[in-house]
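Protein chains in written order, with our numbering: chain E, 19 to 129; chain P, 11 to 122.
Below, the structure is given as C-alpha cells:
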C-alpha cells in the first residue's frame, strides 16, 4: 500500500462548479498537509498548508484534514479556467523530513 | 527576491555521460530535496538533505549522486548508471519549523 493515495482523474468541470479533490493516507504520524498546484511544464506551487486536523480557507480554496479518517480534501469554489492544472497533495510527519506526495489529479475547468 | 533557482531549464545528455543539475536557494532553508517526475506519475524522491554535509537516499537513488557542501546549494549528478534518465527534475527546499516545501521551476533532461 502506498503512503498516499490520490485519484489521478482526469476531472473535467464547467466554469463556476465546486471542485472536490481528495487524498487518503496510511501513516498516522503525518501531521503536516499541503496542496500544490502544478501547471504544465512548471514547478509545483504551494496552494494550501495545514498543520494537524481542521479546516483552512483562503479565498476560493478550502483545505480540510480529518486525521481520524486519514483523509484530506481541497475544495475549489467558483472554479475558473485558470484553475486548470494538476493538483498534488503532500504530507509529512516532521518539519524537515521528507514529503510524501500523491500522484496528482489533473483538473480541467471549461468555460 | 527569495527563491529556488534550477539550471539549466533544458538539458540534453548523450548515452554514457554524467550530467549535473544545479539547485540554489536563498531562502536560508535547512532542508533540500530532489524529485523526479515522469508523465502521468507523481513526484518520486531521489535524495534529500536536512543539513550541510549530510544527505539521505530517497526511493529512487540508484544512478544518482548529490553533495551538500553549502547550505544554499544541492547539485544532483545523473550518472551513466541511471538507465532511464529522461524526466523532469524538481528541486525543493523547506525551512525549520514549518514543513512547507517550495519548488524550483525544474530541469527537463533528455537523453539523445
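Ideal placement from N, C-alpha and C gives every residue a C-beta, glycine not left out.
Helix, strand or coil at residue i according to DSSP, with G and I counted as helix
{"i": "residue 101/E", "result": "helix"}
{"i": "residue 92/P", "result": "coil"}
{"i": "residue 85/E", "result": "coil"}
{"i": "residue 75/E", "result": "strand"}
{"i": "residue 32/E", "result": "strand"}
{"i": "residue 23/E", "result": "strand"}
{"i": "residue 70/E", "result": "coil"}
Counterpart residues of residue i in DSSP-defined beta bridges
{"i": "residue 121/P", "result": "23/P"}
{"i": "residue 113/E", "result": "In DSSP, residue 113/E forms no bridge with anything."}
{"i": "residue 104/P", "result": "41/P and 111/P"}
Cross-chain neighbours of residue i in chain E, by beta carbon under 7 angstroms
{"i": "residue 110/P", "result": "52, 64 and 67"}
{"i": "residue 104/P", "result": "114"}
{"i": "residue 58/P", "result": "116"}
Where residue i meets chain P, residues with beta-carbon distance less than 9 angstroms
{"i": "residue 119/E", "result": "45, 52, 53, 54 and 55"}
{"i": "residue 106/E", "result": "52 and 53"}
{"i": "residue 77/E", "result": "Here the premise fails: no neighbours, minimum Cβ distance about 18 angstroms."}
{"i": "residue 72/E", "result": "Chain P residues near residue 72/E: none, gap ~16 angstroms exceeds 9 angstroms."}
Chain E contact residues for residue i, given Cβ-Cβ distances below 9 angstroms
{"i": "residue 37/P", "result": "Simply none; closest approach about 13 angstroms."}
{"i": "residue 22/P", "result": "Under the 9 angstroms cutoff, chain E gives no residues; its nearest Cβ is about 16 angstroms from residue 22/P."}
Amino acids of chain E, ordered along the chain, whose beta-carbon sits closer than 8 angstroms to that of residue i
{"i": "residue 71/P", "result": "Simply none; closest approach about 12 angstroms."}
{"i": "residue 40/P", "result": "114"}
{"i": "residue 68/P", "result": "116"}
For residue j and residue i, believed in contact at Cβ under 8 angstroms, the rounded distance
{"i": "residue 53/P", "j": "residue 105/P", "result": "Not really, about 19 angstroms apart at Cβ, beyond 8 angstroms."}
{"i": "residue 117/P", "j": "residue 49/P", "result": "With 8 angstroms as the limit, residue 117/P and residue 49/P do not qualify as a contact, their Cβ atoms being about 16 angstroms apart."}
{"i": "residue 85/P", "j": "residue 30/P", "result": "5 angstroms"}
{"i": "residue 44/P", "j": "residue 56/P", "result": "4 angstroms"}
{"i": "residue 90/E", "j": "residue 98/E", "result": "Rounded, the Cβ-Cβ distance is 23 angstroms, inconsistent with contact."}
{"i": "residue 101/E", "j": "residue 127/E", "result": "5 angstroms"}
{"i": "residue 24/E", "j": "residue 120/E", "result": "3 angstroms"}
{"i": "residue 47/E", "j": "residue 111/E", "result": "4 angstroms"}
{"i": "residue 139/E", "j": "residue 100/P", "result": "Outside the modelled stretch of chain E, which goes from 19 to 129, sits residue 139/E, for which no answer is possible."}
{"i": "residue 68/E", "j": "residue 51/E", "result": "5 angstroms"}
{"i": "residue 43/E", "j": "residue 21/E", "result": "6 angstroms"}
{"i": "residue 70/E", "j": "residue 85/E", "result": "7 angstroms"}
{"i": "residue 106/E", "j": "residue 111/P", "result": "Actually they are not in contact, since the Cβ atoms of residue 106/E and residue 111/P sit about 11 angstroms apart, beyond 8 angstroms."}
{"i": "residue 51/P", "j": "residue 115/P", "result": "Their Cβ separation, rounded to whole angstroms, is 19 angstroms, which puts residue 51/P and residue 115/P out of contact at 8 angstroms."}
Chain P residues whose Cβ lies nearer than 7 angstroms to that of residue i
{"i": "residue 34/E", "result": "By Cβ distance, chain P contributes nothing, its closest Cβ being about 28 angstroms from residue 34/E, past 7 angstroms."}
{"i": "residue 61/E", "result": "100, 113, 114, 115 and 116"}
{"i": "residue 122/E", "result": "52"}
Proximity test, residue i beta-carbon vs the ligand HEM heavy atom, cut-off 7 angstroms
{"i": "residue 82/E", "result": "Here there are no bound small molecules, and the ligand HEM is not part of this structure."}
CB contact check: residue i to chain A, cutoff 8 angstroms
{"i": "residue 21/E", "result": "Reference to chain A is not applicable here, since the protein chains of this structure are E and P."}
Subject >> Complete alpha helix (DSSP H) runs within the stretch 39 to 65 of chain E (minimum length 4 residues, chain order) >> reply: The stretch 39 to 65 of chain E is shown to contain no whole alpha helix (DSSP H) run of 4 or more residues.
Original post:
Which whole runs of the beta strand (DSSP E) in the stretch 30 to 92 of chain P are 3 residues long or more, in chain order?
Top reply: Those beta strand (DSSP E) runs which fall completely within the stretch 30 to 92 of chain P and span 3+ residues are 41 to 47, 53 to 61, 64 to 67, 74 to 76 and 86 to 88.
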